[in-house]
Structures are given as C-alpha cells and as structure tokens.
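**Q** Attaching a single structure in structure tokens format; questions to follow.
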Amino acid sequence: MNFKSLPQLLDYFKEESTCKEYYEQIRWGDDVACPHCGCVKAYRTKRGFRCSDKDCKKDFTVTTGTIFHNSNIPLRIWFAAIFLATTHKKGISSVQLALDLGITQKSAWHVLHRIREMLKDKAPQMLGKNKMVETDATYIGGKERNKHLHKRRSQTDKNVTNEGKPYKPKKVVIGIIERDGKVALRHVTGETTQNMVDFVTTHVPQDATIYSDEAPAYNQLKRFYTHDNVKHALNIYVEGQVHTNTIENFWSVLKRGLYGIYHQVSDKHLERYLDEYSARFNTRRLSSQERFEKFLVDSESTLSYKALTK
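Taking full-length UniProt numbering, the leading residue of the sequence shown gets 1, the next gets one more, and so forth.
So this is what it looks like as structure tokens:
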C-alpha cells in the first residue's frame, strides 16, 4: 500500500471492510483494547467486539470513542476527508468538501471540526530545546476601514458599533516557532505579559534563545530565557540572528487560509482552526501517507454535533 493522491487512496479503500481492518491495525495492532474499560481481552461479534472483562462486558466497534463515533458516513469517505483536509496547504471549506465527497454541507462542516479535534495536540509540545525560537502575536479580523459605516466602532462608546450592536474586537493569536522546526499557537484575550509568559514557559525549555519584537508584553521573558528583540519601530527588521521573519511568514500562510478559504472564523471555533494549521505545518516533511497514518493514530477523541454547536 502506497498512496500519494486521493484517487490512489480511494482505489485502495474500495470496501468498508478494508477500511475497518486497516483502522483496527492503526488503532490497536494485535491487541484489541476495550474503549470503555481498557481491557485488552475482547472477542469478535457479528457487529464488532465484546469486552471479556466480567465487570464490563460492553459491545464496541473500532470506531467507538473516536472521531468516527456514531457517524453514518462510511469510513472510506472519512478517510478521503482526512486526506483532503490535511494535504491542502491552506485547508478546505465545508462547501468544497461537500461537493468533492457527495455529502451535505452540514455534514462536511461537522466532519471538518471532528478532524480538527483529532489534530489537536493532546499534550503541550516542547519547542526550541537548544534552538532559536521566535514568538509573536497577530490579530485576526477585518480592517475597520473596510467595514460598512454602521458596523464600525462607535466614536462615543467603544463597546458598541455605530448601529448600537456589541462591538467585536479583533481576535488575538500568539505563536511560537522554531527556526526550521515546529509551531505552537494559542487564541488569547490580549497580547499581555501574563498571556505571553504563560504560553512561552509552557512550550519552551529554559535553555532556548527567544527572539521577539519590542512589544512590552515580551519584556519579562528575560527572566526565564536568553531573549533579544528586533526594533521594528526603528525600521530594523534583521540584526544578524535577531529577527521574527519565520513567525511572520507563518502568519501570512495562516491568514491567507483563514480569509481565502474560510472567510471568517468565530471566537468559539478559532482554536480548532489554529490546531488545523499548526498540525499541517508541523507534519509538512511527512509524506501524504505518513501524515494520514499519524493523524489516524491520534483519532481517539469525540465531538458530537450538540457539543460543537451549544
């Protein structure tokens, strides 16, 4: 088996039984584990498996407790969706995915959010051990001058628009990137010292060197790291090794995807989109098949439509 394109993937996964056998090997190998109690003793039934533990005895299938749980969409279509969502550099919209796979836009939207749940880091990544790291913040949202006058921020009350509705400020995203390495992102309430220090110290060991711009939020990083900044206010963008060009290039890719593919993203779901873009970036050196299999290994997470929309 070796697939580099969607037609090759679909040609291999022609039957649902093939998909299930493949996913069983990815998820369990030779030791089927009950998703309810963790027992590794189970036997096959007509519909799947039954746990042998006398205190459990529950039935389950290979999709129980995964992003595929309680889905009426065949695994073959799910596999195609994962392949498309993780190989398109800028992402794929639910409208386009629905057209490509012959499902409804509503189903495609839910599928994509389940995939993003799968792509989420299950534990904080440690970036920058003995390396140079850049950190920066960016703002997601439309420019004021491009908005209709009635949707712009009121000059008399900063909390509302000119039409009296609550004003929604731009969304703040902070990021850390290793030079020639991985990226970590977080949606925060503001570019504050506390937010920056909490985020950086969670992801970066203290033997790393950190570069940022001269924003006050980064000043406290000197307490924990070797830290230097580039003086953008003086029109200085590179001083030897001191620059933030790597993270700024990543922001360009992120924004082209968010604005060009998804057009607008709500506060509620922004973190999931960040998970998607960081996961794709962090696996960019893997082949299409290697990336596909890696993400399937991480698919033991559920996200119901009710939980997604509440």
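Quick reminder that beta carbons are idealized off the backbone N, C-alpha and C, glycines included.
A quick note: this is a predicted structure, and the numbers were derived from the prediction, not measured.
Touching or not, the stretch 104-111 and the stretch 218-229, by the rule of three or more beta carbon pairs under 8 Å?
**A** Short answer: they don't touch.
**Q** Quick one: which unbroken beta strand (DSSP E) runs of 3-plus residues sit fully inside the UniProt domain "ISXO2-like transposase" (125-282)? Chain order, please.
**A** If we require 3 residues or more, the beta strand (DSSP E) runs fully inside the UniProt domain "ISXO2-like transposase" (125-282) come out as 132-140, 171-178, 183-188, 209-213 and 226-230.
**Q** If we count Cβ pairs, one from each stretch, closer than 8 Å, do we get three or more for the stretch 277-293 versus the stretch 201-219?
**A** No: the two stretches stay apart, fewer than three of their Cβ pairs being nearer than 8 Å.
**Q** What residues are listed by DSSP as bridge partners for A108?
**A** Walking along the sequence shown from the start, residue 108 turns up at place 108. Its beta-bridge partners do not exist; DSSP assigns none.
**Q** From the DSSP output, read off the bridge partner residues of Y43.
**A** On the sequence shown, residue 43 is found 43 positions in, with the first residue counted as 1. Note: Y43 sits in a beta bridge opposite R50.
**Q** Does the beta-carbon distance from M118 to H203 come in below 8 Å?
**A** Along the sequence shown, read from residue 1 onward, the residue named residue 118 stands at position 118. Along the sequence shown, read from residue 1 onward, the residue named residue 203 stands at position 203. No, the Cβ-Cβ distance between M118 and H203 is not below 8 Å.
**Q** Grab me the residues of V95's own chain with a C-beta within less than 7 Å of its C-beta, minus the 5 sequence neighbours each way, in chain order.
**A** On the sequence shown, residue 95 is found 95 positions in, with the first residue counted as 1. The answer, listed in chain order, is Q105.
**Q** By a C-beta neighbour count over all protein chains shown, 10 Å radius and 16 as the cutoff for buried, is S107 buried or exposed?
**A** Here residue 107 refers to the residue found at position 107 when the sequence shown is read from its first residue. Under this definition S107 is a buried residue.
**Q** Give me the Cβ distance between E16 and R76, rounded to the nearest whole Å; I'm assuming they're in contact under 8 Å.
**A** One-based indexing of the sequence shown puts residue 16 at position 16. One-based indexing of the sequence shown puts residue 76 at position 76. The pair is a contact, with the Cβ atoms about 6 Å apart (cut-off 8 Å).
**Q** Is E214 buried or exposed, if buried means 16 or more other CB atoms sit within 10 Å of its CB?
**A** For the purposes of this step, residue 214 is taken as residue 214 along the sequence shown, with counting starting at 1. Exposed.
**Q** Exposed or buried, what is A307 when buried is set at 16 or more other beta-carbons lying within 10 Å of its beta-carbon?
**A** Taking the first residue of the sequence shown as 1, we reach residue 307 at position 307. Flag for A307 reads exposed.
**Q** Out of curiosity, what's the CA-to-CA distance linking Y22 and K268?
**A** Against the sequence shown, residue 22 aligns to sequence position 22. Against the sequence shown, residue 268 aligns to sequence position 268. The alpha-carbon atoms of Y22 and K268 are separated by roughly 34 Å.
**Q** Which residues in the same chain have their Cβ closer than 6 Å to the Cβ of E191, if we skip the five residues on either side of it in sequence?
**A** The count along the sequence shown starts at 1 and reaches residue 191 at position 191. Excluding positions up to five away in sequence, the list reads A137, V172 and A217.
**Q** DSSP on D100, reduced to helix/strand/coil?
**A** Within the sequence shown, the letter at position 100 stands for residue 100. Helix, per DSSP.
**Q** By how many angstroms is the C-alpha of R256 removed from the C-alpha of T201?
**A** Start at 1 with the first residue of the sequence shown, and residue 201 comes out as number 201. Start at 1 with the first residue of the sequence shown, and residue 256 comes out as number 256. If you take the alpha carbons of T201 and R256, they lie about 29 Å apart.
**Q** If you compare alpha carbons, which of E178, H148 and D275 is closest to N249?
**A** As a first step, residue 249 must be located in the sequence shown, where it is residue number 249. That would be E178, whose Cα lies nearest to the Cα of N249.
**Q** Can you name the residues that DSSP bridges to D59?
**A** As a working mapping, residue 59 is identified with position 59 in the sequence shown. R50, per the DSSP bridge assignment.
**Q** So which of C51, T18, F13 and R47 has the shortest CA-CA distance to D31?
**A** One-based indexing of the sequence shown puts residue 31 at position 31. Comparing Cα-Cα distances from D31 to each of C51, T18, F13 and R47, the minimum goes to C51.
**Q** Rounded to whole angstroms, what is the Cα-Cα separation between G102 and F79?
**A** The residue given as residue 102 occupies position 102 in the sequence shown. The residue given as residue 79 occupies position 79 in the sequence shown. Straight-line Cα distance between these residues: approximately 14 Å.
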